[in-house]
Amino acid sequence: MVERITIRGGTPAPSGERSTFGSRGKLFADLDEVIATAESSKLIVLVEFVGLKQYADAVGQEASDELLARLGDRLVALVGSSGSFYSLRRAELCALVDDSAEGRTAFLDDLEAALGKDVDVYEVTPTFGIALVPDEAAAPLEALEIADQRLNVQKLARDPSRRPLKRMLAQP
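Under the working numbering, the letters of the sequence shown match residues 485 to 656, in that order.
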């Protein structure tokens, strides 16, 4: 399990250095601050790349890392300076962005278009889960749980074979 992952930023630094996504610990600290100050809502967006492990097994870890770097670049480019970025697990990234009800739907549509572009060729599918902080959650873990539950609902909707009841009924 990778706690931190290095991904090129949307705008490369003059030195060509890569930007580093924050860790899970950094995300929790940032969420604590958002909840404590409650000045404005933030949108936490979990992004899981379903199929990334199978892709790595098929084409190699280096190619998988390159694909994840390109997807990370797209996330950074879309969110820009209005958010922060984190790596939670190997195939799961997270963004904490400024929220406005007016722009939320357009942002999520743009996110799906940016991260879904060309990845279906590799059978790697981005799946999303969101939560509003502090509106829907009073603690960092609660915010992540809400976003994760929504992410899992989306995964089930995209792949009915993952539904527990369907799997149980399919067993002899």
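Here a beta-carbon is modelled for each residue, glycine too, at the ideal position from N, C-alpha and C.
Query                                                                                                                        : Result
CB of residue 610 within 8 Å of CB of residue 515, strictly                                                                  : no
Short Cβ contact (8 Å threshold) for residue 586 with residue 530                                                            : no
Residue 658: first and last residue of the uninterrupted alpha helix (DSSP H) it sits in                                     : The chain is shown only over 485 to 656; residue 658 falls outside these bounds and no answer can be derived.
Backbone secondary structure at residue 607 - three-state DSSP                                                               : coil
Contact set for residue 512: own chain, Cβ-Cβ below 6 Å, skip 5 residues either direction                                    : 624
Option nearest residue 526 by Cα separation, candidates 578, 572 and 550                                                     : 578
Proximity test, Cβ basis, 8 Å: residue 641 and chain C                                                                       : Among the chains of the structure shown, chain C does not appear; only one protein chain is present.
Cβ neighbour criterion (16 or more within 10 Å) applied to residue 543                                                       : exposed
Pick from 618, 631 and 637 that is closest to residue 521, judged by C-alpha positions                                       : 618
Neighbourhood of residue 598 by C-beta distance below 6 Å, restricted to the same chain and skipping five residues each side : 558 and 562
Rounded straight-line distance, which links the Cα of residue 564 to that of residue 581                                     : 9 Å
Beta strand (DSSP E) segment containing residue 568, residue limits                                                          : 567 to 573
Environment of residue 560 [buried if 16+ CB atoms lie within 10 Å]                                                          : buried
Range of the contiguous alpha helix (DSSP H) that encloses residue 526                                                       : No alpha helix (DSSP H) holds residue 526; the beta strand (DSSP E) holding it covers 526 to 534.
Which of helix, strand or coil DSSP assigns to residue 505                                                                   : coil
Nearest-angstrom Cβ-Cβ length linking residue 637 and residue 533, presumed shorter than 8 Å                                 : Contact flag wrong, Cβ pair sits at about 17 Å.
As assigned by DSSP and simplified to three states, the class of residue 583                                                 : coil
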